[in-house]
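J.: Residue numbers (UniProt numbering): 1 to 292. For every residue, glycine included, the Cβ atom is placed at its ideal position computed from N, Cα and C. Source: prediction; values computed, not measured.
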């Protein structure tokens, strides 16, 4: 499988950190990097009423940006190419999916903003809606030289599938989780049965297909995100995997979800995987299910 990583890039530190991280990750996967410069991520075309002349004028002003990014691409260790778009619209995203078949989008995350994660979560939400492929958030300061040797998978007890575009996650986790994968379940009370159900949900999903048996840890917290952060510290994980279910990113829950809090505050990269519901979704009354 020829793996491509599409990196949302700019000349600012967080985006440049993401490029370096993706370059090392692509090298580990034997894949390529696509440097994507887009002024906006949007579901609706802002030039519908302004006219194509304004779009052409904006693209004309970005020729120097394209030249600079081409120079950067030539300096990366992995094969790299450059894409320029005024707006990453759904049709643009689908075109890039068809041409590159990317394993994931990579986005640099600046230091947490005390005003909240609204802008970042909006970008991730619109990418999930438009492309339905995994998104990797790389915090500023992440170590690019040795990415993701220990992986933490945050899971509740709900069944889910990762079929379709998320299949590439199997290869990604199999390549980076070389020192082991831990499934972490957070609950208000100590519930070993819920921990076991969470592990089985992850295993049945196929997310860890072909990988060694994961370890299991339970964490007690009223705030699921705090439990995930404890798991990161406890296992010394250098990547955390979160599920994004359709009811979240196709509805109104995403901006207030646990996934968004972890994306915004995690000290390590966060891989957000779009999950689908199984044909017969199983639920268990009385178990704690953190919102994702």
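In terms of residue numbering, what span does the alpha helix (DSSP H) encompassing residue 224 cover?
T.: On the chain shown, position 224 is the one that residue 224 refers to. Note, residue 224: alpha helix (DSSP H), 224-235.
J.: Please go through the same chain and pick out, in chain order, the residues whose beta-carbon is closer than 7 Å to the beta-carbon of residue 13, but skip the five residues on each side of it.
T.: Position 13 of the chain shown, counted from the start, is the residue given in the question as residue 13. The residues are 140.
J.: What number of angstroms, rounded off, separates the C-alpha of residue 134 from the C-alpha of residue 35?
T.: Position 134 of the chain shown, counting from 1, holds the residue named residue 134. Position 35 of the chain shown, counting from 1, holds the residue named residue 35. So the two alpha carbons sit approximately 17 Å from each other.
J.: How is the alpha helix (DSSP H) around residue 15 delimited, first residue to last?
T.: Against the chain shown, residue 15 aligns to sequence position 15. From DSSP, the alpha helix (DSSP H) with residue 15 extends over 13-29.
J.: Do the stretch 210-226 and the stretch 174-190 make contact, defined as three or more Cβ pairs closer than 8 Å?
T.: yes
J.: Nearest-angstrom Cα distance between residue 224 and residue 232?
T.: Within the chain shown, residue 224 is the residue found at index 224, counting from 1. Within the chain shown, residue 232 is the residue found at index 232, counting from 1. For residue 224 and residue 232, the distance between alpha carbons rounds to 13 Å.
J.: Would you mind working out which of 254, 243, 229 sits nearest residue 267, comparing C-alpha positions?
T.: As a position in the chain shown, residue 267 is number 267, starting the count at 1. Here the closest residue by C-alpha is 229.
J.: Using the Cβ count rule (16 or more neighbours within 10 Å means buried), how would you classify residue 156?
T.: By 1-based counting over the chain shown, the position of residue 156 is 156. Answer is buried; the Cβ neighbour count reaches 16.
J.: For residue 198 and residue 241, I'd like the C-alpha separation in whole angstroms.
T.: The residue you call residue 198 lines up with position 198 of the chain shown. The residue you call residue 241 lines up with position 241 of the chain shown. Roughly 14 Å separates the two Cα atoms.
J.: Tell me, to the nearest whole angstrom, how far the beta carbon of residue 128 is from that of residue 151; I am working on the premise that it is less than 8 Å.
T.: Start at 1 with the first residue of the chain shown, and residue 128 comes out as number 128. Start at 1 with the first residue of the chain shown, and residue 151 comes out as number 151. Not confirmed; about 21 Å, so no contact.
J.: Thinking residue 204 and residue 158 are a contact (beta carbons under 8 Å), I'd like their distance in whole angstroms, please.
T.: The sequence position of residue 204 within the chain shown is 204, counting from 1. The sequence position of residue 158 within the chain shown is 158, counting from 1. Their Cβ separation, rounded to whole angstroms, is 11 Å, which puts residue 204 and residue 158 out of contact at 8 Å.
J.: Distance check for residue 264 and residue 115, CA to CA, integer angstroms please.
T.: Within the chain shown, numbered from 1, the residue matching residue 115 stands at position 115. Within the chain shown, numbered from 1, the residue matching residue 264 stands at position 264. Its pLDDT being 49, under 50, residue 115 is placed unreliably by the model, and the measurement read from it follows with that caveat. C-alpha separation (whole angstroms): 11 Å.
J.: Sorted by chain position, which residues of the same chain lie with C-beta nearer than 7 Å to residue 20's C-beta, five sequence neighbours on each side aside?
T.: Translated into positions along the chain shown, residue 20 becomes position 20. 144, listed in sequence order.
J.: Taking residue 154 as part of the alpha helix (DSSP H), name the residues at either end of that continuous run.
T.: The residue you call residue 154 lines up with position 154 of the chain shown. For residue 154, there is no enclosing alpha helix (DSSP H); the enclosing beta strand (DSSP E) covers residues 151-154.
J.: Take residue 70 and list the residues in its own chain whose beta-carbon comes closer than 7 Å to its own, dropping the five residues that flank it on each side.
T.: Reading the chain shown from its first residue, position 70 is the one you call residue 70. These residues qualify, in order along the chain: 82.
J.: Hey, quick one: how far does the alpha helix (DSSP H) through residue 8 stretch, first residue to last?
T.: As a working mapping, residue 8 is identified with position 8 in the chain shown. Premise fails: residue 8 lies in the beta strand (DSSP E), 4-8, not in any alpha helix (DSSP H).
J.: Rounded to whole angstroms, what's the CA-CA distance from residue 202 to residue 62? Just pull it up for me.
T.: Start at 1 with the first residue of the chain shown, and residue 202 comes out as number 202. Start at 1 with the first residue of the chain shown, and residue 62 comes out as number 62. The alpha-carbon atoms of residue 202 and residue 62 are separated by roughly 44 Å.
J.: State the DSSP-derived secondary structure class of residue 104, mapped to helix, strand or coil.
T.: Counted from its first residue, the chain shown places residue 104 at position 104. If DSSP states are grouped into helix, strand and coil, residue 104 belongs with the strands.
J.: Have a look at residue 43 and residue 130 and give me their C-alpha separation to the nearest angstrom.
T.: On the chain shown, position 43 is the one that residue 43 refers to. On the chain shown, position 130 is the one that residue 130 refers to. Caution is warranted here: a pLDDT of 49 is assigned to residue 43, below 50, making its placement in the model unreliable, and the coordinate value is therefore given only provisionally. Roughly 7 Å between the two C-alpha positions.
J.: Do residue 29 and residue 175 have their C-beta atoms within less than 7 Å of each other?
T.: As a working note, residue 29 is residue 29 in the chain shown. As a working note, residue 175 is residue 175 in the chain shown. Yes, the Cβ-Cβ distance between residue 29 and residue 175 is below 7 Å.
J.: Under a three-way DSSP split, which group does residue 197 fall into?
T.: Within the chain shown, residue 197 is the residue found at index 197, counting from 1. If DSSP states are grouped into helix, strand and coil, residue 197 belongs with the helices.
J.: Compute the distance between the beta-carbons of residue 209 and residue 170, then report whether it is under 7 Å.
T.: As a working note, residue 209 is residue 209 in the chain shown. As a working note, residue 170 is residue 170 in the chain shown. Going by C-beta atoms, residue 209 is nearer than 7 Å to residue 170.
J.: Would you decide whether residue 99 is buried or exposed? Buried here means 16 or more other CB atoms lie within 10 Å of its CB.
T.: For the purposes of this step, residue 99 is taken as residue 99 along the chain shown, with counting starting at 1. By the 10 Å Cβ count, residue 99 comes out exposed.
J.: Quick check: residue 207 and residue 162, are their CB atoms within less than 7 Å of each other?
T.: For this step, residue 207 is matched to residue 207 along the chain shown. For this step, residue 162 is matched to residue 162 along the chain shown. Yes, the Cβ-Cβ distance between residue 207 and residue 162 is below 7 Å.
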